[in-house]
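In terms of the working numbering, the sequence shown opens at residue 5 and continues consecutively.
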Amino acid sequence: MAPPRKTNTMKFSIVLTSVVFLSTSFLTCGLLNCEKGTGPVVERAVEVEPFHGLAVQGSMGVRLTPGPVQRITVEGQSNLIDLLTTEVKHGIWRINTRKCFRTNEPFVVHITMPTVDFLSMQGSGDITCLGRFSMPEIALEVQGSGDMDLNVEVQRINALIQGSGSIDLQGTCGTLSATVQGSGDIDADALTTRNVEATVQGSGDISALITDTLTANIGGSGNIRYTGRPAVVNTNIAGSGEVKQDP
Numbered sequence: 005m006a007p008p009r010k011t012n013t014m015k016f017s018i019v020l021t022s023v024v025f026l027s028t029s030f031l032t033c034g035l036l037n038c039e040k041g042t043g044p045v046v047e048r049a050v051e052v053e054p055f056h057g058l059a060v061q062g063s064m065g066v067r068l069t070p071g072p073v074q075r076i077t078v079e080g081q082s083n084l085i086d087l088l089t090t091e092v093k094h095g096i097w098r099i100n101t102r103k104c105f106r107t108n109e110p111f112v113v114h115i116t117m118p119t120v121d122f123l124s125m126q127g128s129g130d131i132t133c134l135g136r137f138s139m140p141e142i143a144l145e146v147q148g149s150g151d152m153d154l155n156v157e158v159q160r161i162n163a164l165i166q167g168s169g170s171i172d173l174q175g176t177c178g179t180l181s182a183t184v185q186g187s188g189d190i191d192a193d194a195l196t197t198r199n200v201e202a203t204v205q206g207s208g209d210i211s212a213l214i215t216d217t218l219t220a221n222i223g224g225s226g227n228i229r230y231t232g233r234p235a236v237v238n239t240n241i242a243g244s245g246e247v248k249q250d251p
């Protein structure tokens, strides 16, 4: 008698089991290779050459304070602080660690700087302003699930979210160009803005306080909400999303 033939279901089960095993093995090896934080949380001053922008990667927190002199302190476990990169390229400090790490303790970079014109977050970390920054223009980028919470007085903001992150803005602004690609949110309800150019591609949301003009573009199920009484409102909607004026 010929041996029984393997069915397609059996073949699929074998392949699926192999994929799950390999994925679990890679994940486990990655976690085991990460540096584990040890010892108490300390604060350490870090020397970095002058910079005017930040590109943050990972899950760390960053706290920005306006001040006349650049100063950096890092709050965390000593062996993790040793991993922090201090490379500055074209005026941008690329804040990262030389290898992944694991800890249940805080890991926060505290930065005092006169001005800032570029902030980028890749990962699940957060950037928070502890005072109001004044500058002509700033570019903001969030890729992933990270968050930004900023207080600014600025002529122009270019804000982009790719993923599920969020950007919260307060202060005053001349022109806000805001784009969400994915399910993220840009909340500018506390940012008094003359002109807003808002684009949502996906299921994300943008909200703003507008005095003069709104140009709104939606592709997908996301929404653009605004308060204020802009004299000009232009909309272009492809999908189930809506442009709404809140009371």
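Ideal placement from N, C-alpha and C gives every residue a C-beta, glycine not left out.
Asked: Member of Glu201, Ser168, Gln166 and Thr231 whose CA lies at the smallest distance from the CA of Ala194; Found: Thr231
Asked: Pair within 8 Å by beta-carbon distance, Gly178 and Gln205; Found: no
Asked: Which of helix, strand or coil DSSP assigns to Leu134; Found: coil
Asked: Pairwise C-alpha distance: Pro118 and Gly71; Found: 5 Å
Asked: 8 Å contact criterion, which Val45 and Gly95 should meet: CB distance rounded; Found: The Cβ separation is near 30 Å, so there is no contact.
Asked: Distance between beta carbons of Asp216 and Asp191, contact taken as under 8 Å; Found: Not confirmed; about 20 Å, so no contact.
Asked: CB contact flag (Met64, Phe122, <8 Å); Found: no
Asked: Span separating the alpha-carbon of Thr77 from that of Cys38; Found: 23 Å
Asked: Through-space distance from Asn221 to Ile246, alpha-carbon basis; Found: Here residue 246 is Glu; the residue named in the question, Ile, does not match the sequence. Computed Cα separation, rounded: 10 Å.
Asked: Burial state of Asp209, where buried means 16 or more other Cβ atoms lie within 10 Å; Found: buried
Asked: Val50 to Asp189 span [Cα, whole Å]; Found: 33 Å
Asked: Through-space distance from Asn199 to Asp130, alpha-carbon basis; Found: 27 Å
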